[in-house]
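Number of protein chains: 2
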Amino acid sequence: MIARPTRQRLLETGMAMLLERGYHDLGVQAVLTEAEVPKGSFYHHFRSKEEFGIACIDLYMEAVHEGLDQCLQDPATPPLQRIRNFFEGTAEKYRGQGYLGCLLGGLGQELSGVSETFRAKVEECFGVIASRLAQCLAEARDEGALAPETDPQQLAELLVNCWEGAALRCRLARSPAPLHAMLDFYFAAAAPR
Amino acid sequence: MIARPTRQRLLETGMAMLLERGYHDLGVQAVLTEAEVPKGSFYHHFRSKEEFGIACIDLYMEAVHEGLDQCLQDPATPPLQRIRNFFEGTAEKYRGQGYLGCLLGGLGQELSGVSETFRAKVEECFGVIASRLAQCLAEARDEGALAPETDPQQLAELLVNCWEGAALRCRLARSPAPLHAMLDFYFAAAAPR
DNA sequence: CTGCGTCTAGACTGACCGGTCTACTCATAC
DNA sequence: GTATGAGTAGACCGGTCAGTCTAGACGCAG
């Protein structure tokens, strides 16, 4: 017996609640109540709240990778458009959550001054995402859709960072406008002159 | 008697500690210990922790406005360069704090899902900053340094948002590189083609 | 001097925190 | 049948939280 439902339910509930409330404002008990799981089960599946938080990030990243898989590997679409599709899809996801922004950005901001574990985790996640985008940007460059002297990794990091800024603002303003404005600017600027 | 020293010391201490630890991880007692102030004084000067947090943001904004005053009103410098100077100065400030990023971004991320007071406050602050930048961008446009069809307010909001993203990443990576990369990209892209 | 408001001082309160503990259920193995 | 171990159940623990309360220090007005 793997008791997948309980553990999975905890993670899904936790991921949603962490996005809304952040880490320190979210008590373990609140997750348990929401997921209708007793405390003993929680500490059976997770050694600590911190480990639980990290596991929630892992679950979040699974979804991100799925999105990247779906968008970035479509050979029928030009590489830059694939990237744009990925972010448009992400914006759509945000909409469904009430424009609460990105879990990585949220936990990264809140915890990176206080927990080396979370700081390193979130930083690593951003690096991984950027690397996948960079691959696609390199393709775009090789096809001539970007200037030949482009550094794909740096351009990808920049994209991720600006996206996170736009996601923060979308969270503050409860609006998708900052997301789309940022994408428009970025893709207009990245194209070779 | 205004007892400026105590109140001021609390705010300065609180501002620094909020930047590092965030709101919920920071106990009132920790601020008191650091500032060497007894609890009675704290609740004499502030009605609650929330009011204190807002006051810390106000103090932070005072410094931001000083920076804007210094940089944006220099008639000897072209408008776009003035803006760049402001952000370079801000990056320098971040360096002195160990690259902990921006207090507005930090508190905005952590609290906007949980406190309407803080959400509105931070959103307002970003709007104010963007408006001041927009004025300067309008000047730049009128001088021909930007395309005539530029919307200064939108371009300013974009700048603020992307800056916050870069500031988050600089906090995560403990490095100024994301800040400068973002500025390079922005100013290269904003110039008319 | 007395009286009063501002500010300092810190013990104290009740709620809630993360985490532990023991007891229990139940499916499977023998 | 009995034993085993994963998972459920929630009472309980020490510690910490934001906030309150009473007491006193200090400057000033009369």
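Chains as they are written, first to last, in the numbering used here: chain A, 1 to 193; chain B, 1001 to 1193.
Note that CB positions come from ideal geometry on N, CA and C, so glycine has one too.
Note that the structure is predicted; figures quoted are calculated from it, not measured.
- In terms of Cα proximity to Glu-123 of chain A, the closest of A:Ala-16, A:Thr-77, A:Val-160 and A:Ser-175 is A:Val-160.
- By the 16-neighbour rule on beta-carbons within 10 angstroms, Pro-75 of chain A is exposed.
- Under the Cβ criterion of 9 Å, Met-1061 of chain B is not counted among the residues facing chain A.
- DSSP, reduced to helix, strand and coil, places Val-31 of chain A within a helical segment of the structure shown.
- In this structure, Leu-80 of chain A lies near Leu-146 of chain A, with their beta-carbon atoms less than 9 Å apart.
- Closest by C-alpha distance to Ala-35 of chain A, out of A:Thr-6, A:Tyr-186 and A:Ala-138, is A:Thr-6.
- Using a Cβ-Cβ cut-off of 9 Å, His-24 of chain A counts as an interface residue toward chain B, since at least one Cβ of chain B sits closer than that to its own.
- Rounded to whole angstroms, the gap between the alpha carbons of Lys-49 of chain A and Val-28 of chain A is 7 Å.
- Between the alpha carbons of Gly-1127 of chain B and Gly-165 of chain A lies a distance of about 14 Å.
- Residue state for Asp-25 of chain A is assigned as coil, using DSSP reduced to three classes.
- By the criterion of a C-beta distance shorter than 8 Å, Asp-1142 of chain B is surrounded by no residue of its chain, once the five residues flanking it on both sides are discounted.
- The Cβ-Cβ distance between Leu-1172 of chain B and Gly-108 of chain A falls below 9 Å.
- At a cut-off of 9 Å, the C-beta of Leu-1080 of chain B has no neighbouring C-beta in chain A.
- When Cβ-Cβ separations below 9 Å define contact, Phe-1087 of chain B makes no contact with chain A.
- Contacts with chain A at 9 Å (Cβ-Cβ) include Met-1182 of chain B.
- Listed by position along chain B, the residues whose Cβ is nearer than 8 Å to that of Phe-187 of chain A form an empty set, because the closest Cβ is around 10 Å away.
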